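Novice: Numbering (the numbering used here), first residue to last: 1 to 135.
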């Protein structure tokens, strides 16, 4: 804790004062510490340096990128497709492609257009075919 008792934590760097109290009590030492910390070289000296040009943007040639020409993707809505209620993280997505609240998550409640019968029949035929293919 700070020597003054202000409630903040003091450090040995500031003689057990917090930075605010140290600055108020010893302004000349604070300037020395601040200048010492400013002269310290960064730890990551091998990081690649980026060159920035001061030339005007018109002088630089820019090629139109294909990414900027495409429109941005629409935001994913967090609303029930049937009642437009906000569902947040509790939304249930259906195989028909909609997002539904807790009331409309069942296929009968939102008039689901997905054909579950043909999907299950396809699974059954795959399982039967694998069973006959076994030696």
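Where is the CB? At the ideal position from N, CA and C, for every residue including glycine.
Note that this is a predicted model, so its numbers are computed, not measured.
1) Could you name the residues of the same chain whose beta carbon sits closer than 7 Å to that of residue 14, not counting the 5 residues immediately before and after it, in chain order?
2) Less than 8 Å between the beta carbons of residue 99 and residue 80, yes or no?
3) Just to confirm my understanding: we take residue 110, look at its own chain, exclude 5 residues before and 5 after, and list those with CB closer than 6 Å. What are they?
4) Give the secondary structure of residue 11 by DSSP, where H, G and I count as helix, E and B as strand, and everything else as coil.
5) Based on DSSP bridge pairs, tell me the residues matched to residue 17.
6) Buried or exposed for residue 91, please, with buried defined as at least 16 other CB atoms from any protein chain shown within 10 angstroms of its CB.
7) If you compare alpha carbons, which of 1, 121, 5 is closest to residue 12?
8) From residue 125 to residue 93, what distance separates their C-alpha atoms?
9) Alpha carbons only, please: which of 112, 95, 102 is nearest the one belonging to residue 89?
Specialist: In terms of the structure at hand:
1) 22
2) yes
3) Scanning its chain for C-beta atoms nearer than 6 Å, with the 5 sequence neighbours on each side dropped, one finds around residue 110 the residues 82, 100, 104, in chain order.
4) strand
5) Residue pairing of residue 17 in beta bridges, as defined by DSSP: 11.
6) buried
7) 1
8) 27 Å
9) 102
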